[in-house]
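Trainee: Residue numbers (the numbering used here), protein chains in the order written: chain X, 846 to 1124; chain C, 118 to 438.
Quick one: structure below, then a few questions.
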């Protein structure tokens, strides 16, 4: 019995150690990034263009704007498709077709991001014969669809049935019920879901490498190669220059800060909402 | 039940039903839903068509030869497939015990509020962009590897060919470690859910028969949740296989097959990331796209299996609950 009890204690403490290690990795990442990044983030980082190799200083203003532009296109592609498809799945839909759509969406979610990049390359870059903001935004947009569908459908389904029935009983047609009752009721949830989705693709690098490519200058319009924060982190991190490494840390801190803040805020909102719905 | 009868009698034509709005809304949302199918089909089609030349020229040989010579136009995928499989296997070797242990702690031992808090932190870990894992990999794991881990492994396990030869810091083992950190959150959060869905009476029965807490967990709860845990492992494997940036930054990018885990290697995703934008000539591009196709098929199969396994366990839990 003593043997079994000691095995019990040893193994249970080991599982605790596993949990501790896993969580401390997160703290390590945050700490290290904050320590290295904070000393490198300055005003220039947000306002200046990258300097040529050898010149110290400079910033990543073009990459910050670039990421914003890419995410804008991605949202314009991914969000409408995702939300509308989710409305179809949650409110209309029969049996077989929604099953196929859901299955395909999950499949699309599992496709490695680099493969999505190849797809965007084939659809945009080959016909246009050059890298462009559009191609990069398209790749990110495709990546947004699966999560937009899944989270939106979940929130639409969470709307209580009596709201639906109430609207129908007042004589509203189905689409009126959806547009004026169901979607507004689920709106906050849908929005946080989309925000999380955006945070996820904001850090994507692989699909941008050969679609949006990169650019050391401003990229006017939507039809030229464009810089983005993740790609800049990649190129700067694998470069041999110390000053570039410093800037990579700064960019990493800004990107991670953005992603984590969005995650924490939206998860908090979602948790409160779930508690509210439970009553 | 039909809606209120139309005021004017007569057959409700298609046009009329369309005018009432519901049908339009149905149709529009249907089109959006169908566009997802269209996009996915196009994706598969492009991968298939884009790799025609390579498929015709090399056939199955593509997977079994290891020359990668863009100048001579001779392409074999073996080193990349090897690198992808080895790094993913290493990642699982580290991540599965660690993740399962953490999941058991969170699901079986920790009070619910602490468990939820820690699970939240671990979920945040999954939200960290992969390029940031790569950045930390280059500047933390690579030096640690060169200065401490590799000398230690050589001293203790150096008689194995796996741990021989020079270590430059970058290499298979480094990539495996970084990947392990990246996939742990997936194993933890899915396994935790699955373990929590195991009915309480299973635990109670085991403890009632005199089992210790650990015995109840390891001999009753974990076997009950086995298929779901396998599902989470497949999910993690699919992630690891397709992971691009972090691996590209620490694997060393050298298309060779070496016995040593310290040696630099290359993975499918990494070679696409590095060479695609610079590839010249159809055959070169087509070979890279074929690698993409391989990656797609691998993750497709693994994700499908993972979903079935997770679903099976949760339904089993519900049926017995």
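Heads up, the beta-carbon is just placed ideally off N, CA and C, and yes, glycines get one too.
Bear in mind that the values here come from a model prediction, so they are computed numbers and not experimental data.
Short check: CB of residue 344 of chain C to CB of residue 223 of chain C, under 8 Å?
Mentor: no
Trainee: If you drop the 5 nearest sequence neighbours on each side, which residues of the same chain put their C-beta closer than 6 Å to that of residue 981 of chain X?
Mentor: 915, 1053, 1056 and 1057
Trainee: From the DSSP output, in three-state form, read off residue 1075 of chain X for me.
Mentor: Three-state result, residue 1075 of chain X: helix.
Trainee: Helix, strand or coil: which one does DSSP assign to residue 287 of chain C?
Mentor: Per DSSP, reduced to three states, the secondary structure at residue 287 of chain C is strand.
Trainee: Whose Cβ in chain X lies nearer than 7 Å to the Cβ of residue 394 of chain C?
Mentor: 1054, 1055 and 1058
Trainee: What three-state label does DSSP hand residue 1067 of chain X in the structure shown?
Mentor: coil
Trainee: When you compare the CB positions of residue 363 of chain C and residue 1020 of chain X, do they come within less than 8 Å of one another, or not?
Mentor: no
Trainee: Chain X partners of residue 213 of chain C, CB-CB under 9 Å?
Mentor: Going along chain X, no residue has its Cβ under 9 Å from residue 213 of chain C, so there is no contact; the nearest lies around 11 Å.
Trainee: Just to confirm, is the Cβ distance from residue 1069 of chain X to residue 905 of chain X under 8 Å?
Mentor: Note that the C-beta distance between residue 1069 of chain X and residue 905 of chain X is not below 8 Å.
Trainee: If we ignore side chains and look at the alpha-carbon of each, how far apart do residue 163 of chain C and residue 964 of chain X end up?
Mentor: 7 Å
Trainee: Quick one: is residue 414 of chain C buried, meaning 16 or more other Cβ sit within 10 Å of its Cβ, or exposed?
Mentor: exposed
Trainee: Looking at residue 895 of chain X: is its Cβ nearer than 8 Å to the Cβ of residue 882 of chain X?
Mentor: When the beta-carbon positions are compared, residue 895 of chain X and residue 882 of chain X stay at least 8 Å from each other.
Trainee: Under 8 Å between C-beta atoms, does residue 139 of chain C make it to chain D?
Mentor: No chain D is part of this structure, whose protein chains are labelled X and C.
Trainee: Under 7 Å, CB to CB, which of the residues in the segment 383–411 of chain C have a partner in chain X?
Mentor: Those residues of the segment 383–411 of chain C that come within reach of chain X (Cβ to Cβ, closer than 7 Å) are 386, 389, 390, 393, 394, 406 and 409.
Trainee: At a Cβ threshold of 8 Å, is residue 430 of chain C touching chain X?
Mentor: no
Trainee: Do residue 994 of chain X and residue 1031 of chain X have their beta-carbon atoms positioned less than 8 Å apart in this structure?
Mentor: no
Trainee: Secondary structure at residue 371 of chain C, three-state DSSP: helix, strand or coil?
Mentor: It is coil, neither helix nor strand.
Trainee: Give a yes or no on whether 8 Å exceeds the smallest Cβ distance from residue 123 of chain C to chain X.
Mentor: Reliability of the predicted coordinates at residue 123 of chain C is poor, the pLDDT of 49 falling under 50, and the value obtained from them is presented with this limitation in mind. Interface flag for residue 123 of chain C against chain X is unset, since no Cβ pair is found closer than 8 Å.
Trainee: For the segment 1007–1035 of chain X, which residues have a beta carbon sitting closer than 9 Å to at least one beta carbon of chain C?
Mentor: 1016, 1018, 1019, 1020, 1021, 1023 and 1024
Trainee: Flag this pair as touching only if the segment 357–375 of chain C and the segment 288–306 of chain C have three or more C-beta atom pairs under 8 Å; answer yes or no.
Mentor: Judged by pairs of C-beta atoms under 8 Å, the segment 357–375 of chain C touches the segment 288–306 of chain C, as three or more such pairs exist.
Trainee: Could you say which of C/429, C/411 and C/406 lies nearest to residue 169 of chain C if we only look at CA atoms?
Mentor: C/406
Trainee: What residue range does the alpha helix (DSSP H) around residue 851 of chain X cover?
Mentor: 847–883
Trainee: Residue 1048 of chain X to residue 1041 of chain X, Cα distance in whole Å?
Mentor: Taking the Cα positions, residue 1048 of chain X is about 12 Å away from residue 1041 of chain X.
Trainee: Please determine, among C/206, C/184, C/190 and C/189, the residue with the shortest C-alpha to C-alpha distance to residue 196 of chain C.
Mentor: C/184
Trainee: Would you tell me roughly how many angstroms separate the C-alpha atoms of residue 166 of chain C and residue 434 of chain C, rounded to the nearest one?
Mentor: 44 Å
Trainee: Mind reading off the beta-carbon distance from residue 273 of chain C to residue 348 of chain C? Whole number of angstroms is fine, and I expect it under 8 Å.
Mentor: About 35 Å separates the two Cβ atoms, so there is no contact after all.
Trainee: Which term fits residue 1113 of chain X, buried or exposed, when burial requires 16 or more other beta carbons within 10 angstroms of its beta carbon?
Mentor: Exposed: under 16 other Cβ atoms inside 10 Å.
Trainee: Would residue 424 of chain C pass as an interface residue toward chain X - the criterion being a Cβ-Cβ separation below 8 Å?
Mentor: yes
Trainee: Quick one: which chain X residues come within Cβ less than 7 Å of residue 331 of chain C?
Mentor: 852, 853, 856 and 857
Trainee: Rounded to a whole number of angstroms, what is the C-alpha to C-alpha distance between residue 145 of chain C and residue 922 of chain X?
Mentor: 16 Å
Trainee: Below 8 Å CB to CB, which residues in the same chain sit around residue 351 of chain C once its five sequence neighbours on both sides are set aside?
Mentor: 419, 420, 422, 423 and 426
Trainee: Answer yes or no: does any C-beta atom of chain C fall closer than 8 Å to that of residue 1114 of chain X?
Mentor: Not one chain C Cβ lies under 8 Å of residue 1114 of chain X.
Trainee: Indicate whether at least one CB of chain C lies closer than 8 Å to the CB of residue 1004 of chain X.
Mentor: no
Trainee: Which residues in chain C have a C-beta closer than 9 Å to the C-beta of residue 900 of chain X? List them in chain order.
Mentor: Here the premise fails: no neighbours, minimum Cβ distance about 22 Å.
Trainee: From the DSSP secondary-structure annotation, give me the bridge partner or partners of residue 888 of chain X.
Mentor: None; residue 888 of chain X has no bridge partner.
Trainee: Compare the C-beta of residue 305 of chain C with all C-beta atoms of chain X and state if any pair is closer than 8 Å.
Mentor: yes
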